[in-house]
Amino acid sequence: MVESTWARAAHRFHTWYGRTPEDEFWYPPRLRNREWMFIGWGPKPPDRHRGFDKRAELMAHIRRAAPHSCFYSTAYYDEPSARKMVDKGWNGADLIFDLDGDHLSEGDPFDFPSMLDTIQVQAHKLWHDFLHPEFGFEEQYLQLTFSGHRGFHLHYREPTFWQLDSSARRELVSHIRGLGADVSVLRNGPDCGWKRRIENGIGVMLEQLDVAAQDDTDGRRMIKHLVSIVNERGSASSGRQRKVGPQKMLSLATKVQHPERRERIVAGNTKGLKNHETLFLDLVKGDNSIILSASGETDEAVTLDIKRVIRWPTGLHGKSGLQVTEFPLSRLDPNEEGRFDALSEAVPRFDDRRGTLEVTVERAVARVGDEELELELGDHVEVGANMETFLTLKGWARPIRVQQS
């Protein structure tokens, strides 16, 4: 990003940090044991291995630097400012689940409101279908935040989880993703979350394969969707599934059209699929509309990494100009009245200046505060400060001129 596109955003960040009272920011528990990292504007390397004993020291640094993005460690250290990790003295780490629109196999990244809605649904189901009922996570230890850009973070700080190593954390993620789940054992075993998901998922998957069997645009689109489910699942760090292509998927879609074979599948007997059985079961476990949207497609690296840094709640996000915002679990459900609306509530107050931008992407849908736009390449739009900051930091538009209101 050239300086002309971010210079005004950097100035707005500096002004906002400078005038926002210290007590309006959130500070992590055990502040003096956290490492901090700051990303500056332009091609500067990250400034990390920072430690602060007091809130005032932290805020003095942030107000002076007005960084592009601020991060703090999920881990607790004896010496967070030590340059070498071995010298920091690791004493445990929070458990973090990161749900990001960048990991969706389907969806339009240029329709920002719809993408966030999809991720919010996944975050809600991750907690209500997995973390709370199946792992016994308690709300009192949960901090829920909008990431400031494309997703949501679930911070879990129950002390008994602090010492979990990466291997133990991987088991949590593997369960959420259904990796290693034996469908035949689950279907014949006692009632549990995964048994119910698979029983519901078989019927839904058969319906999707019916669409895939059609020789038309909808059929080809569904084939592409199903192929992406299996291949993305296979690329997961714990996944062992092989890559598949459209022809293999079409062959499976054709097989399940046989009435007797289909009846046996619905009854739980998938052996008649023969060399397509594994593919079908992988689809049932990996289908976003059944499994991952029932669990949330977590960014595994964030959950497994016990020395990770995560975005600072209440800080500004340098790829959007939005604020990393905490909100209560009661407002996570996207279908409830009073749901959290990131694009209205995570909007910092900048200034009243308006600017004219030229759209530089083929198309995009954006909403920030009271402004909502459908954009096409070459459009000239006059927008307020927050929308201007959002579109330029996203790289969707470039400034032409600014007018004083």
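Just so you know, my numbering puts the end of the sequence shown at 405, numbered straight through with nothing missing. In this text, a Cβ means the ideal position worked out from N, Cα and C, and glycines have one as well.
Determine the direct distance from the alpha carbon of residue j to that of residue i, and round the result to whole angstroms.
| i | j | result |
| --- | --- | --- |
| ARG48 | GLU337 | 41 Å |
| ILE119 | PRO109 | 12 Å |
| ALA82 | ARG50 | 8 Å |
| LYS195 | GLN163 | 30 Å |
| GLU345 | ALA364 | 21 Å |
| GLY409 | HIS61 | The shown model of the chain, from 1 to 405, leaves out residue 409, and the question about it has no answer. |
| THR74 | ILE229 | 30 Å |
| GLY201 | VAL284 | 6 Å |
| ASP23 | PRO29 | 15 Å |
| ARG354 | LEU391 | 13 Å |
| GLU138 | LYS224 | 39 Å |
| HIS155 | VAL324 | 13 Å |
| ARG311 | GLY268 | 44 Å |
| ARG211 | VAL173 | The sequence as given places Val at residue 211; Arg does not occur at that position. Taking the straight line from one Cα to the other gives about 31 Å. |
| ARG157 | ARG220 | 45 Å |
| TRP6 | THR20 | 21 Å |
| GLY296 | GLU371 | Confidence at GLY296 is low in this model, with a pLDDT of 44, below 50, so the placement of that residue is unreliable and no value is reported for it. |
| MET85 | ALA93 | 14 Å |
| PRO348 | PRO43 | 25 Å |
| LEU332 | HIS258 | 42 Å |
| LYS319 | VAL302 | 19 Å |
| LEU250 | PRO159 | 49 Å |
| ALA385 | LEU357 | 11 Å |
| HIS380 | ARG339 | 33 Å |
| ARG398 | GLU199 | 50 Å |
| GLY178 | ASP98 | 17 Å |
| GLU263 | GLY203 | 11 Å |
| THR217 | HIS175 | 35 Å |
| ARG63 | ILE400 | 29 Å |
| ASP215 | LYS248 | 15 Å |
Which residue or residues does DSSP assign as beta-bridge partners of residue i?
| i | result |
| --- | --- |
| MET37 | PHE71 |
| ARG311 | PHE71 |
| THR145 | HIS153 and GLU326 |
| TYR77 | TRP90 |
| PHE97 | LEU154 |
| LEU434 | No statement about residue 434 is possible, as the shown extent of the chain runs from 1 to 405 and does not include it. |
| ARG50 | TRP36 |
| LEU250 | Answer by DSSP bridge pairing: none, since LEU250 is not bridged. |
| ASP111 | VAL365 |
| HIS316 | According to the sequence displayed, residue 316 carries Leu and not His. Bridge partners of LEU316: GLN323. |
Which residue from the options puts its Cα closest to that of residue i?
| i | options | result |
| --- | --- | --- |
| PRO313 | TYR72, GLU57 and PHE38 | TYR72 |
| TRP16 | LYS125, GLU326, THR360 and LEU322 | LEU322 |
| LEU375 | ALA385, SER114 and VAL361 | VAL361 |
| LYS125 | PRO334, PRO348 and ALA342 | PRO334 |
| GLN122 | VAL266, THR20, ASP111 and PHE146 | PHE146 |
| GLU326 | GLY151, ALA9 and ARG63 | GLY151 |
| LEU252 | GLU260, GLY268, GLU358 and ALA213 | ALA213 |
| HIS317 | LYS84, ILE96, GLY148 and PHE112 | GLY148 |
| THR142 | ILE96, GLY101 and HIS175 | The residue you asked about is not Thr; residue 142 is Leu in the sequence shown. Checked all of ILE96, GLY101 and HIS175; the closest Cα to LEU142 is ILE96. |
| ARG367 | TRP127, LYS394 and LEU144 | LYS394 |
| ARG55 | PRO45, LEU31 and ALA342 | LEU31 |
| ARG170 | MET387, HIS153, ASP305 and ARG264 | ASP305 |
| HIS14 | HIS68, SER166, ASP117 and PHE112 | HIS68 |
| LEU209 | HIS175, GLY178, PRO246 and LEU179 | PRO246 |
| PHE112 | GLU382, GLY378, ILE400 and ASP341 | ASP341 |
| MET387 | VAL359, HIS175 and PHE161 | VAL359 |
| ASP129 | GLY378, ARG197 and LEU377 | ARG197 |
| PHE135 | VAL266, TRP396 and ALA168 | ALA168 |
Given residue i, which residues of its chain have a CB within under 6 Å of its CB, disregarding the five upstream and five downstream residues?
| i | result |
| --- | --- |
| LEU58 | PHE52 |
| GLY315 | CYS70 and VAL324 |
| LEU373 | ALA366 |
| TRP26 | PRO313 and THR314 |
| LYS307 | ALA75 |
In its own chain, which residues sit with a C-beta less than 7 Å from the C-beta of residue i, not counting the 5 before and 5 after it?
| i | result |
| --- | --- |
| THR389 | ALA9, ARG12, GLY321 and PHE350 |
| LYS271 | GLU277 |
| LYS255 | ARG261, LEU273 and HIS276 |
| VAL244 | VAL227, VAL230, ASN231 and LEU279 |
| LEU131 | PHE137 |
| MET222 | GLN208, VAL211 and ALA212 |
For residue i, I'd like the list of residues in its chain whose CB is within less than 8 Å of its CB, leaving aside the five on either flank, ordered along the chain.
| i | result |
| --- | --- |
| PRO133 | GLY193 |
| ASN33 | TYR76, TYR77, ASP78, PRO80 and ASN91 |
| ALA65 | PHE38, GLY40 and ASP47 |
| LEU329 | TRP127, GLU139, LEU142 and LEU144 |
| GLU35 | ARG48, HIS49, ARG50, GLY51, TYR72, SER73, ALA75, TYR77, PRO80, SER81, LYS88 and VAL309 |
| SER166 | LEU304, ASP305 and ILE306 |
Check whether the Cβ of residue i sits closer than 7 Å to any heavy atom of the ligand MG, and report yes or no.
| i | result |
| --- | --- |
| ALA66 | No copy of the ligand MG appears in this structure; indeed no ligand is present at all. |
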